[in-house]
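These notes are about the structure you will find just below.
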Amino acid sequence: MSQHPTFMFLRQLFDRTSCTYTYLLADSYSKHAVLIDPVDTLVDRDLRVISECGLQLVYVINTHAHADHISASGIIKKRIPSVKSVMSKASRGKADVLVKENDSIEIGPNYSLKVIETPGHTAGCVSYYLTSPIQNEPGIVFTGDALLIRGCGRTDFQEGSSDTLFSSIREKLFKLPHNTIVYPGHDYNGITCSTIAEELDFNPRLGKEKTLAEFQEIMTNLKLSYPKMIDVAVPANLNDGISPGE
298 MSQHPTFMFL
308 RQLFDRTSCT
318 YTYLLADSYS
328 KHAVLIDPVD
338 TLVDRDLRVI
348 SECGLQLVYV
358 INTHAHADHI
368 SASGIIKKRI
378 PSVKSVMSKA
388 SRGKADVLVK
398 ENDSIEIGPN
408 YSLKVIETPG
418 HTAGCVSYYL
428 TSPIQNEPGI
438 VFTGDALLIR
448 GCGRTDFQEG
458 SSDTLFSSIR
468 EKLFKLPHNT
478 IVYPGHDYNG
488 ITCSTIAEEL
498 DFNPRLGKEK
508 TLAEFQEIMT
518 NLKLSYPKMI
528 DVAVPANLND
538 GISPGE
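What follows is the structure, given as structure tokens:
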């Protein structure tokens with residue numbers, strides 16, 4: 298890591314329609330920025346924040362092929378051709394950069410996002426772990442729809458698997474330092490973030506006292522409705538945020 302004086306610029310942005318969190322991260326020294334999970338209908342808002350803060354957007358990152366909204370990656374790339382899109386190789390979708398376990402996305406000279414494959418909600422879900430050059434500053438993990446605050450992503454479509462999600466969270470995310478801050482892809486209760494320690498203690502589906510059998514039973518009995526946007530959103534999101542035929 299560079300020794301340039303720096304801090305991590307972080308903004309958490311919200312889409313009221315899909316309850317999606319979009320994250321804007323930047324290295325304050327280089328001004329290089331990334332957007333995680335941007336929503337197509339909120340491109341103007343996101344690009345305005347980037348411009349007002351004097352940042353240079355380098356990457357648009359998707360944690361997985363979303364079923365409840367279309368990614369803004371395609372629109373942003375048309376407006377800023379230098380921007381590169383990022384998605385997991387396991388998604389079998391289209392992006393400029395296809396990542397796998399332990400790959401890193403650099404944010405300027407000081408920060409990077411380490412890829413942690415966390416399938417189960419979909420086969421191609423990944424989380425991104427941000428390490429800090431500042432001593433004793435806790436890490437941050439952006440978990441997409443894998444680990445939510447006191448919950449997790451559903452496992453009944455897009456090659457989802459309760460067994461796989463349980464393993465992803467318990468064997469990977471819950472092995473991170475306990476003070477790691479958890480920023481999820483969604484929240485439906487107005488909570489912005491959590492920690493690994495909190496989720497170990499209080500997550501009613503995946504906490505440290507839960508067994509795989511208990512988790513399987515919970516997920517089997519969720520009885521959630523079919524996502525309204527899935528038939529439009531998933532094909533677009535597997536095509537770099539552009540609907541097939543456009």
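For the sequence shown, the working numbering begins at 298 and goes up steadily by one.
Backbone N, C-alpha and C fix where the C-beta goes; we use that ideal spot for every residue, glycine too.
- By DSSP's assignment, residue 323 forms a beta bridge with 306, 330.
- Rounded to whole angstroms, the gap between the alpha carbons of residue 314 and residue 343 is 16 Å.
- Scanning its chain for C-beta atoms nearer than 6 Å, with the 5 sequence neighbours on each side dropped, one finds around residue 352 the residues 323, 328, 330, in chain order.
- Annotation for residue 346: the continuous alpha helix (DSSP H) segment containing it runs 340-349.
- Counting C-beta pairs with one atom in each stretch, the stretch 432-441 and the stretch 367-386 have fewer than three that are closer than 8 Å, which means they do not touch.
- DSSP, reduced to helix, strand and coil, places residue 353 within a strand of the structure shown.
- At a Cβ-Cβ threshold of 7 Å, residue 385 and residue 423 count as neighbours.
- As a beta-bridge residue in DSSP terms, residue 414 pairs with 423.
- At a Cβ-Cβ threshold of 7 Å, residue 337 and residue 373 do not count as neighbours.
- Taking 4 residues as the shortest admissible run, the stretch 440-511 contains the following complete alpha helix (DSSP H) segments, listed from N- to C-terminal end: 459-468, 493-499.
- Assigned with DSSP and collapsed to three states, residue 381 falls in strand.
- Membership of residue 370 in the alpha helix (DSSP H) is indicated by the continuous run 370-376.
- Boundaries of the alpha helix (DSSP H) around residue 529: 527-534.
- Between the alpha carbons of residue 427 and residue 494 lies a gap of roughly 17 Å.
- Between the stretch 471-479 and the stretch 448-461, the count of Cβ pairs shorter than 8 Å is below three; the stretches do not touch.
- Between residue 420 and residue 524 the beta-carbon gap is near 16 Å, outside 8 Å, which marks them as no contact.
- Membership of residue 401 in the beta strand (DSSP E) is indicated by the continuous run 401-404.
- Between residue 414 and residue 398, the C-beta spacing is below 7 Å.
- The Cβ-Cβ distance between residue 312 and residue 339 falls below 7 Å.
- Contact between residue 538 and residue 360 fails: their C-beta atoms lie close to 13 Å from each other, not under 8 Å.
- Judged by DSSP in its simplified three-state form, residue 397 adopts coil rather than helix or strand.
- DSSP lists 317 as the bridge partner or partners of residue 312.
- By the beta-carbon neighbour count (other beta carbons within 10 angstroms, threshold 16), residue 321 is buried.
- Taking the Cα positions, residue 501 is about 10 Å away from residue 446.
- Ranked by how close their Cα comes to the Cα of residue 308, the residues 490, 401, 526, 377 have 490 in first place.
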